[in-house]
C-alpha cells in the first residue's frame, strides 16, 4: 500500500493575503520564539510558536519580499527597493535606518554581520547589518545578465562567498574576502532560486521550467552541472536544502511542496496543503519547544503558513 504524505503539524491562517517571506526568530542562544511573515500588503505578522497564536502585527511597508531578525531588531526588504532596519519602541517597531536596493522579487540574505541585497545593473550590495551602510558593491564583470533573481551563501574551505543567479541563467560566485568574482556557470534561463550544501559542495537552482539543476563547486571555484531533476509542472519559486543535509524541498507555482532525498534526489513526498504558488520555505535553526523538533515553515499566495515535521 502506498505511504500517504505527512500532514502539517499546524497551519497559521489569518487575513494575511499573499505572503512573500518567512523568518524564524531566535531569542537567546537557541530559543525559537516566533515565526514572522512579510506580506504583499506590507504587514508583518508575528506568530508565537509557544501558543500558536498571533502575537503582534504591524504595517511595515509595501510588498515585503524578505524579512530578517537579529538582536530584537527586524530588517525588511520591499519589492520597490526600500530596505529598513526596525527597532522596538514601547509596544511597536519604528524605523531606525533606511536605504535602497534593486527592485524586484530577489530576496536579500544575511551572512554573518552583512546584509546582501540585489542592486541595479546586475550588481549586488554588501551592507553593514547594524546601520545599513554599504561595505562594498559586487560587480559580476559580465554584461547583459539582467536582474539578480536569487542570492545564496556559499562556504568553500575557509572562504565565505556569495552566489547570485540571473535572468539569463548565469550564476556568479564572489569571494567575500576579496569582493571579486571567482566562479561562473551558465545554466537554464529564468532562474528563480538557489540553495547550497557546504558539506558536499553541491548546489541546486530552480527556474521557470519544470527542471531543477544540480551543480558542484570545487575548491578552486570551478562550477560544473551534475544532474537535472524533472518536476511535474513548470515553475519553481524556491528550493531549500535542510541544514542537516537529508532532504531538499522545492516550492512550485502549482502550490506543491516536493520533498526529495538529498542523497539520491528521489522524490519522497508531494505535499498539497497550499492552493496557490509557494513563495518561501524556511527551517527553524533550533528545535521548537512545542513540537520538540526542528520545524519547516512554508507559505504562499493563499495566505497560509504551514508548519511541518518532516523525516526528522
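Residue numbers (the UniProt record's numbering): 1 to 312. C-beta atoms are modelled at their ideal positions from N, C-alpha and C, and glycine is treated no differently.
| Item | Value |
| --- | --- |
| In three-state DSSP terms, what is residue 26? | strand |
| Cα-Cα, which of 39, 25 and 33 is closest to residue 51? | 33 |
| Taking C-alpha atoms, which residue in 266, 258 and 243 lies nearest to residue 312? | 243 |
| Count the other C-beta atoms from every protein chain shown that fall within 10 angstroms of the C-beta of residue 153, then say buried if there are 16 or more, exposed otherwise. | buried |
| On the criterion of 16 or more Cβ atoms from any shown chain inside 10 Å, does residue 17 qualify as buried, or is it exposed? | exposed |
| Can you find a heavy atom of the ligand ADP that lies under 7 Å from the Cβ of residue 312? | The ligand ADP is absent from the structure shown, which contains no ligand whatsoever. |
| With respect to the beta strand (DSSP E) encompassing residue 186, which residues constitute its N-terminal and C-terminal limits? | 180–186 |
| With three or more C-beta pairs closer than 8 Å as the rule, is the region 172–184 touching the region 110–127? | yes |
| Please name the residue, chosen from 215, 245 and 259, that lies closest to residue 231 on a Cα-to-Cα basis. | 259 |
| If contacts are defined as beta-carbon pairs under 8 Å, then residue 239 and residue 271 qualify, I think. What distance do you get, rounded to the angstrom? | In fact, because the Cβ distance is near 15 Å, the residues do not count as touching under 8 Å. |
| Please name the residue in 79, 59, 72 and 66 whose C-alpha comes closest to that of residue 102. | 79 |
| Does the count of Cβ pairs from the region 129–138 and the region 105–116 closer than 8 Å reach three? | yes |
| Sort out for me which residues DSSP pairs residue 10 with in a bridge. | 307 |
| Within 10 angstroms of the Cβ of residue 76, are there 16 or more other Cβ atoms? Answer buried if so, exposed if not. | buried |
| Please say whether residue 58 and residue 82 have beta carbons closer to each other than 8 Å? | no |
| Given that a residue counts as buried once 16 or more other Cβ atoms are within 10 Å of its Cβ, and exposed if not, what is residue 192? | buried |
| In three-state DSSP terms, what is residue 118? | strand |
| For residue 280, does the count of other Cβ atoms within 10 angstroms reach 16, so buried, or fall short, so exposed? | buried |
| Roughly how many angstroms lie between the CA atoms of residue 61 and residue 224, to the nearest whole one? | 40 Å |
| Please report the straight-line C-alpha distance between residue 1 and residue 38, rounded to a whole angstrom. | Confidence is the limiting factor: at residue 1 the pLDDT is only 40, short of 50, which leaves the residue's position unreliable, though a coordinate-based value still follows. For residue 1 and residue 38, the distance between alpha carbons rounds to 40 Å. |
| Helix, strand or coil for residue 86 per DSSP? | strand |
| Output yes or no for whether 8 Å exceeds the beta carbon distance between residue 11 and residue 304. | yes |
| Would the beta-carbon of residue 278 fall within 8 Å of that of residue 237? | yes |
| Figure out for me which residue from 300, 309, 306 and 310 has the closest Cα to the Cα of residue 19. | 300 |
| Less than 8 Å between the C-beta atoms of residue 44 and residue 36, yes or no? | yes |
| Below 7 Å CB to CB, which residues in the same chain sit around residue 14 once its five sequence neighbours on both sides are set aside? | 45 and 54 |
| Could you check the C-alpha separation between residue 269 and residue 207 for me, to the nearest Å? | 20 Å |
| Is it the case that the Cβ atoms of residue 146 and residue 168 are separated by a distance below 8 Å? | yes |
| How long is the line joining the alpha carbons of residue 181 and residue 66, rounded to whole angstroms? | 25 Å |
| Compute the distance between the beta-carbons of residue 149 and residue 196, then report whether it is under 8 Å. | no |
| Which of the three DSSP states, helix, strand or coil, is assigned to residue 276? | coil |
| So, at 6 Å on beta carbons, what are the nonlocal neighbours of residue 288 in its own chain, with the 5 sequence-adjacent residues on each side left out? | 32, 49 and 295 |
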